[in-house]
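Participant:
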Amino acid sequence: MLVQYDENTTFTGLELYLTRGLTEYLVDLMRLFSKLVCFGVFSAVSMFLNTLTPKFYVALTGTSSLISGLILIFEWWYFRKYGTSFIEQVSVSHLRPLLGGVDNSSPNSSSSSSSNGDADSSRQSVSECKVWRNPLNLFRGAEYNRYTWVTGREPLTYYDMNLSAQDHQTFFTCDSDHLRPADAIMQKAWRERNPQARITAAHEALDLEDCATAHILLAEEEATTIVEAEKLFKQALKIGESCYRRSQQLQHHGAQYEAQHRRDTNVLVYIKRRLAMCSRKLGRTREAVKMMRDLMKEFPLLSMFNIHENLLESLLELQNYADVQAVLAKYDDISLPKSATICYTAALLKARAVSDKFSPEAASRRGLSTAEMNAVEAIHRAVEFNPHVPKYLLEMKSLILPPEHILKRGDSEAIAYTFFHLQHWKRVEGALNLLHCTWEGTVFHEVSVYPKKELPFFILFTAGLCSFTAMLALLTHQFPELMGVFAKAFLSTLFAPLNFIMEKVESILPSSLWHQLTRI
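In UniProt numbering, the protein residues as written are 1 to 520.
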């Protein structure tokens, strides 16, 4: 008897019978082996768990709690010092490139706003920024350091100073700095974290040649008085003007010269603005107003410095309210980004017209007049923009030194505004009383507080893990038998899906599967 298997092979009936028998034997053997392995593993696991004592569970959960607690402490220390999570930073810096992640942010994106191009594109790029440079920021050496000398504490956060370092690199450096030794030294100096190292580098740059940015750094950080800072800024002005005129003639000769001219423009505008601020701080307010007006007229498109806010504060000091209104009419526009200075100065001018005769009792009896209604609406508009300001103006919250960067509509902007404008509100009779009577009726909105940041996920995760394992260790130590029952029930529940899957596989696959396949 012959059985055809394929084109080239034939088997006799005896050989086919032996082949089928051997196949079925191997299938049964494999199934038996798989069952023995599965049941052997489960029995070994259950036997191992039954032999464990409660002390083992206490040691296990206690060790897990200790490790997670150490990770939590390290994560919290790293977050307090550097403002980010260590695990998250390592994941982004090292794991994302391995997984093919791409960072879409460009380090040169912020430099586009400093060009003298289209005004609308400049405004759009500026309005997208979340953190703004404080236009009235103090001098580090002459003002911020006084707090350090008295208290021994740093007045600025690491995050704030890091943002300032990025601003300095954007405004005061360009790609051609390596061609000039002094500019190359200053390019490294702006990246230094240690203030003394920055000052030393600035002196090294001045030993090589006159450098405007070196004088800027010394005026900001080494000068201990405003008078010294003004002298250094005047020296920087002479160098900056000559560099600006030279680069202005060569700006159309290529992209490199254009970038250098943009850098020289930023340096010149920064020097003139700080000189105007020095005049304001030294009591020469009219001179400061003239310098600011000339600067805004000479460089009308450089709105990212917010020089008009410096001008508003100086005009309020002179009590020149007509000029303040003229400046507000130009900058209090819906197409321009708002600020607490603009909104609250507009409210102050409206309140000034009615605050000296305003009485809550009289207003409740006769109702608000048109002028009073306009003042109240202006206050509500300002409070809706930044609800943190009234508590500082009314001295319900203590004031601190303003940061170098502010978050629009946040607590830091309220501090920066109140630090310089509280005296102007006090000068207008009844203005703070009107603010006190009307500001609480405003609808509030959710705002964030800068520089306070949300806790990273890994800090919350490690805190939860540490608390959970510590609780397990405590419960296991107090109730060993009950926790043992819970542990066995948890493990049996954990392995239940695997047992269910194995049973389903055995029920779906018939025992004669290989036997049927041999008949094909």
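All C-beta atoms in this analysis are idealised placements derived from N, C-alpha and C, irrespective of residue type, glycine included.
Under the three-state reduction of DSSP, which class applies to I73: helix, strand or coil?
Facilitator: In the sequence shown, counting from the first residue as 1, residue 73 sits at position 73. It is helical.
Participant: Is S448 helix, strand or coil by DSSP?
Facilitator: In the sequence shown, the residue the question calls residue 448 occupies position 448. Any reading at S448 is ruled out, since the residue's pLDDT is 46, under 50, leaving its predicted position unreliable.
Participant: Check the C-beta distance from T213 over to L472 and give it rounded, since I have them as a contact under 8 Å.
Facilitator: For this step, residue 213 is matched to residue 213 along the sequence shown. For this step, residue 472 is matched to residue 472 along the sequence shown. Not quite, the Cβ-Cβ distance comes to about 59 Å (not below 8 Å), so this is no contact.
Participant: With 16 as the cutoff for other CB atoms within 10 Å, does H421 come out buried or exposed?
Facilitator: As a first step, residue 421 is located in the sequence shown; it is residue number 421 there, counting from the start. So H421 counts as buried.
Participant: To the nearest angstrom, how far is the alpha carbon of L311 from that of N320?
Facilitator: On the sequence shown, residue 311 is found 311 positions in, with the first residue counted as 1. On the sequence shown, residue 320 is found 320 positions in, with the first residue counted as 1. Approximately 11 Å between the Cα atoms of the pair.
Participant: Can you name the residues that DSSP bridges to R133?
Facilitator: In the sequence shown, counting from the first residue as 1, residue 133 sits at position 133. Bridge partners of R133: H405.
Participant: If you reduce the DSSP assignment to three classes, tell me which class F33 lands in.
Facilitator: Locating residue 33 in the sequence shown gives position 33, where the first residue counts as 1. The predicted position of F33 is uncertain, since its pLDDT is 49 and thus under 50; a value taken from the coordinates is nonetheless stated next. F33: helix per DSSP, three-state reduction.
Participant: Hey, W76 and I459 are a contact pair by Cβ (cut 8 Å); roughly how many whole angstroms apart?
Facilitator: The residue given as residue 76 occupies position 76 in the sequence shown. The residue given as residue 459 occupies position 459 in the sequence shown. Confirmed, Cβ separation roughly 6 Å.
Participant: To the nearest angstrom, report how far apart E192 and D210 are at their CA atoms.
Facilitator: Here the question's residue 192 lines up with position 192 in the sequence shown. Here the question's residue 210 lines up with position 210 in the sequence shown. Approximately 21 Å, taken between the alpha carbons.
Participant: Measuring alpha carbon to alpha carbon, tell me which residue in A326, L393, L435 is nearest V376.
Facilitator: The count along the sequence shown starts at 1 and reaches residue 376 at position 376. Among A326, L393, L435, the Cα nearest to that of V376 is on L435.
Participant: Looking at L136 and Y144, is the spacing between their C-beta atoms short of 8 Å?
Facilitator: Working through the sequence shown from its first residue, we reach residue 144 at position 144. Working through the sequence shown from its first residue, we reach residue 136 at position 136. No; because the gap between Cβ atoms is not below 8 Å, this pair is not in contact.
Participant: Please determine, among V150, P155, S164, G69, the residue with the shortest C-alpha to C-alpha distance to W132.
Facilitator: In the sequence shown, residue 132 corresponds to position 132, counting from 1. Nearest of V150, P155, S164, G69 to W132, Cα basis: S164.
Participant: Measure the alpha-carbon distance for A347 versus F419 and round it to whole angstroms.
Facilitator: For the purposes of this step, residue 347 is taken as residue 347 along the sequence shown, with counting starting at 1. For the purposes of this step, residue 419 is taken as residue 419 along the sequence shown, with counting starting at 1. Using only the alpha carbons, I get a separation of about 17 Å.
Participant: Given this structure, state the Cα-to-Cα distance separating Y82 from Y158, to the nearest angstrom.
Facilitator: Numbered from 1 along the sequence shown, position 82 holds the residue referred to as residue 82. Numbered from 1 along the sequence shown, position 158 holds the residue referred to as residue 158. Roughly 7 Å between the two C-alpha positions.
Participant: Do A236 and A229 have their C-beta atoms closer together than 8 Å?
Facilitator: One-based indexing of the sequence shown puts residue 236 at position 236. One-based indexing of the sequence shown puts residue 229 at position 229. No, these two residues do not count as a Cβ contact at 8 Å.
Participant: Around the Cβ of D356, are there at least 16 other Cβ atoms within 10 angstroms (buried) or fewer (exposed)?
Facilitator: One-based indexing of the sequence shown puts residue 356 at position 356. D356 comes out exposed.
Participant: Take every Cβ of the region 268 to 281, pair it with every Cβ of the region 289 to 308, and state whether three or more of those distances are shorter than 8 Å.
Facilitator: Per the Cβ contact rule, the region 268 to 281 is in contact with the region 289 to 308 (3 or more Cβ pairs under 8 Å).
Participant: Assign Q187 to one of two classes, buried (16 or more other C-beta atoms within 10 Å of its C-beta) or exposed (fewer than that).
Facilitator: Translated into positions along the sequence shown, residue 187 becomes position 187. Result: buried.
Participant: Over what stretch of residues does the alpha helix (DSSP H) that includes G283 continue unbroken?
Facilitator: On the sequence shown, position 283 is the one that residue 283 refers to. That residue, G283, is in no alpha helix (DSSP H); it is neither H nor E in DSSP.
Participant: Looking only at its chain, what residues have a beta carbon closer than 8 Å to the beta carbon of F500, apart from the 5 residues adjacent to it on each side?
Facilitator: Position 500 of the sequence shown holds residue 500. Contacts found: none.
Participant: Does the Cβ of N386 have 16 or more other Cβ atoms within 10 Å, making it buried, or fewer, making it exposed?
Facilitator: Counting from 1 along the sequence shown, the entry for residue 386 is found at position 386. The residue is buried, with at least 16 neighbouring Cβ atoms inside 10 Å.
Participant: Pick helix, strand or coil for L399, following the three-state DSSP scheme.
Facilitator: The residue given as residue 399 occupies position 399 in the sequence shown. It is coil, neither helix nor strand.
Participant: Skipping 5 residues on each side, what residues in its chain have a beta carbon closer than 6 Å to that of F233?
Facilitator: In the sequence shown, counting from the first residue as 1, residue 233 sits at position 233. Only A219, I271, R274, L275 meet the Cβ criterion.
Participant: Rounded to the nearest angstrom, how far is the Cβ of A382 from that of P402, given a contact under 8 Å?
Facilitator: For this step, residue 382 is matched to residue 382 along the sequence shown. For this step, residue 402 is matched to residue 402 along the sequence shown. With 8 Å as the limit, A382 and P402 do not qualify as a contact, their Cβ atoms being about 18 Å apart.
Participant: Work out the CA separation of T345 and R286 for me, nearest whole Å.
Facilitator: Against the sequence shown, residue 286 aligns to sequence position 286. Against the sequence shown, residue 345 aligns to sequence position 345. Taking the straight line joining both Cα atoms gives about 19 Å.
Participant: Compare the Cα-Cα distances from E384 to each of T493, A351, Y257, W439 and report the closest residue.
Facilitator: Sequence index remark: in the sequence shown, residue 384 carries index 384 (1-based). Cα-wise, what sits closest to E384 is W439.
Participant: Below 8 Å on the Cβ atoms is my guess for I185 versus A201; work out the distance and round it to an integer in Å.
Facilitator: Numbered from 1 along the sequence shown, position 185 holds the residue referred to as residue 185. Numbered from 1 along the sequence shown, position 201 holds the residue referred to as residue 201. Going by Cβ atoms, the distance from I185 to A201 rounds to 5 Å, so yes, they are a contact pair.
Participant: Buried or exposed, going by whether 16 or more other CB atoms sit within 10 Å of the CB of I508?
Facilitator: For the purposes of this step, residue 508 is identified with residue 508 of the sequence shown, where counting begins at 1. Counting Cβ neighbours within 10 Å, I508 comes out exposed, since fewer than 16 surround it.
Participant: Distance, Cα to Cα, H405 vs S339?
Facilitator: If you number the sequence shown from 1, residue 405 lands on position 405. If you number the sequence shown from 1, residue 339 lands on position 339. Cα-Cα distance, rounded: 13 Å.
Participant: Would the region 165 to 175 and the region 255 to 270 be scored as touching if the rule is three or more Cβ pairs under 8 Å?
Facilitator: yes
Participant: Do I71 and T462 have their C-beta atoms closer together than 8 Å?
Facilitator: Here residue 71 corresponds to residue number 71 of the sequence shown, with the count starting at 1. Here residue 462 corresponds to residue number 462 of the sequence shown, with the count starting at 1. For I71 and T462, yes; Cβs fall inside 8 Å.
Participant: For R153, does the three-state DSSP call read helix, strand or coil?
Facilitator: Residue numbering aside, residue 153 sits at position 153 when the sequence shown is read from its first letter. Secondary structure at R153: coil, using DSSP grouped into helix, strand and coil.
Participant: If we call anything under 8 Å between Cβ atoms a contact, is E221 one with P195?
Facilitator: As a first step, residue 221 is located in the sequence shown; it is residue number 221 there, counting from the start. As a first step, residue 195 is located in the sequence shown; it is residue number 195 there, counting from the start. Yes, the pair counts as a contact, with Cβ atoms nearer than the cut-off.
Participant: Identify which residue in R246, K281, L268 has its Cα closest to the Cα of T225.
Facilitator: Within the sequence shown, the letter at position 225 stands for residue 225. Measuring from the Cα of T225, the nearest candidate turns out to be K281.
Participant: My output table needs one value for L394: the three-state DSSP class, helix, strand or coil.
Facilitator: Residue numbering aside, residue 394 sits at position 394 when the sequence shown is read from its first letter. Looking at L394 - three-state DSSP - the assignment turns out to be coil, as it is neither helix nor strand.
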